[in-house]
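Visitor: Residue numbers (my numbering): 31 to 471. A virtual CB, placed ideally from N, CA and C, is assigned to each residue, including glycine. The structure follows.
So, in structure tokens, the structure goes:
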């Protein structure tokens with residue numbers, strides 16, 4: 031039995047799937063206009079954690095996470111870097127996939143790109159207009175927030191209260207200041223698509239409603255993302271999805287709402303706008319990917335992480351001790367074993383700090399339990415999927431290992447360390463045994 035905190039009901043609930051034979055989970059992915067920072071990674075590792083636990087419990091789980099590849103930030107970044115939208119988004123998508131792999135995050139089962147669903151988004155808007163739940167003004171199409179009576183059910187915001195403290199002047203074309211964009215015009219220098227309302231592009235909130243419904247159908251079990259997405263993104267998703275499908279409640283869209291806390295630097299939220307970001311690869315000069323993963327999981331997912339060098343050093347120390355213990359049991363398969371202490375901790379709202387303490391106690395007492403070890407490996411060592419590599423990649427790895435060994439034999443330990451770091455970034459771990467170097471991914 032699993033319990034999860036439901037952001038909609040504001041309480042921890044027993045997780046009762048809509049269909050125990052097929053769990054459906056959607057979590058908002060990145061906007062690919064820059065590298066993800068460690069604060070962004072917190073949301074992706076929380077979703078990865080939940081996905082892994084669900085896959086350990088149920089026979090079939092479909093985990094969907096989208097890629098936003100059209101957005102105003104992307105347009106600005108393409109100008110700044112003098113790259114086409116296509117080249118820019120490919121560049122940062124590739125970096126994103128490499129970065130999450132370095133900290134043991136598995137790719138989702140389905141990863142839809144927004145620009146592959148433009149026709150479906152246009153059809154969705156057309157339906158909302160026919161239902162008189164959206165309206166067009168000079169090429170802009172807006173959703174009428176007033177038609178969804180439960181607006182604010184997730185965030186707790188009441189429309190009337192939102193009128194106070196406004197710092198931005200309301201656009202003159204809006205019927206109501208809370209109405210939000212479904213479609214906006216593009217000029218000749220901006221990316222866009224032909225539509226019944228002219229050349230333009232979709233609003234950000236629309237894409238997740240469309241892609242989650244197409245890939246999972248509704249209702250589905252869990253919708254996730256960072257706390258910062260509760261309002262307005264998820265609130266607007268709920269409103270437009272329910273309105274388009276004649277539904278009254280957020281649970282008719284997704285039954286459980288899953289949100290992770292922020293990552294803070296000295297009590298200040300990390301963000302690109304504040305200029306206080308730390309990128310994943312910056313950390314790998316001093317720490318391994320599994321150290322960073324353990325640091326991210328050392329705080330329960332709903333709580334803010336007080337990120338610091340001290341936290342990373344603690345995670346590094348704990349990871350080294352546990353891995354030294356686990357090296358003796360490499361033959362134990364990585365899998366989720368129910369009715370273990372670690373599994374029980376994870377089934378209680380993904381209590382990773384407790385799971386880590388349980389493993390530390392086992393190491394301290396030198397107690398070997400293959401089921402506890404298997405479950406710990408499954409969650410905290412990262413990937414639980416077979417990695418397929420081609421012959422060219424194997425040749426590259428073995429060439430780098432040969433270069434490292436030659437550097438060590440020549441006494442050039444600085445070069446040897448650089449090559450080892452490069453292998454680590456390729457997700458290759460190496461171990462020197464009896465004068466030979468063994469490696470694995």
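How would you write the range of the alpha helix (DSSP H) that residue 115 sits in, first residue to last?
Guide: Note, residue 115: alpha helix (DSSP H), 115–132.
Visitor: Quick one: is residue 403 buried, meaning 16 or more other Cβ sit within 10 Å of its Cβ, or exposed?
Guide: Classification for residue 403: buried.
Visitor: Got a sec? Which residues, its chain only, sit under 6 Å from residue 185 by beta carbon, not counting five neighbours each side?
Guide: Counting only Cβ-Cβ distances below 6 Å, and skipping sequence neighbours, we find 260, 261, 265.
Visitor: Using DSSP's beta-bridge definition, name the partner residues of residue 290.
Guide: Beta-bridge pairing links residue 290 to 256.
Visitor: Closest to residue 466 by C-alpha separation, out of 459, 46, 334, 435, would be which residue?
Guide: The option with the nearest alpha carbon to residue 466 is 435.
Visitor: Looking only at its chain, what residues have a beta carbon closer than 8 Å to the beta carbon of residue 239, apart from the 5 residues adjacent to it on each side?
Guide: So the qualifying residues of the chain are 154, 267, 270, 271, 274.
Visitor: Skipping 5 residues on each side, what residues in its chain have a beta carbon closer than 8 Å to that of residue 315?
Guide: So the qualifying residues of the chain are 451.
Visitor: Can you give me the start and stop residues for the alpha helix (DSSP H) that residue 71 sits inside?
Guide: Note, residue 71: alpha helix (DSSP H), 68–87.
Visitor: Where residue 363 and residue 433 are concerned, what is the direct C-alpha to C-alpha distance, given to the nearest angstrom?
Guide: If I take the Cα positions, the gap works out to 32 Å.
Visitor: Grab the span of the alpha helix (DSSP H) containing residue 351 for me, first residue to last.
Guide: Per DSSP, residue 351 belongs to the alpha helix (DSSP H) from 339–356.
Visitor: I'd like the span of the alpha helix (DSSP H) that includes residue 372, first residue to last.
Guide: 371–377 is the extent of the alpha helix (DSSP H) around residue 372.
Visitor: Can you tell me the Cβ-Cβ gap for residue 446 and residue 438, rounded? I've got them flagged as a contact below 8 Å.
Guide: At roughly 5 Å, the Cβ-Cβ gap stays under 8 Å, so residue 446 and residue 438 are in contact.
Visitor: Between the Cα of residue 32 and the Cα atoms of 286, 410, 440, 469, which residue gives the shortest distance?
Guide: Answer by Cα proximity: 286.
Visitor: Run through DSSP, which three-state label would residue 397 get?
Guide: Note: residue 397 maps to coil in three-state DSSP.
Visitor: Residue 112: buried (16+ other C-beta within 10 angstroms of its C-beta) or exposed?
Guide: Flag for residue 112 reads exposed.
Visitor: Please identify the residue among 158, 71, 96, 170 whose C-alpha is closest to the C-alpha of residue 147.
Guide: The shortest Cα separation from residue 147 among 158, 71, 96, 170 belongs to 96.
Visitor: Report, in whole angstroms, the separation of the C-beta atoms of residue 349 and residue 324, which I expect to be a contact under 8 Å.
Guide: With 8 Å as the limit, residue 349 and residue 324 qualify as a contact, their Cβ atoms being about 5 Å apart.
Visitor: For residue 417, name the three-state secondary structure that DSSP assigns.
Guide: Model confidence at residue 417 stands at a pLDDT of 39, short of 50, so the residue's coordinates are unreliable and nothing is read from them.
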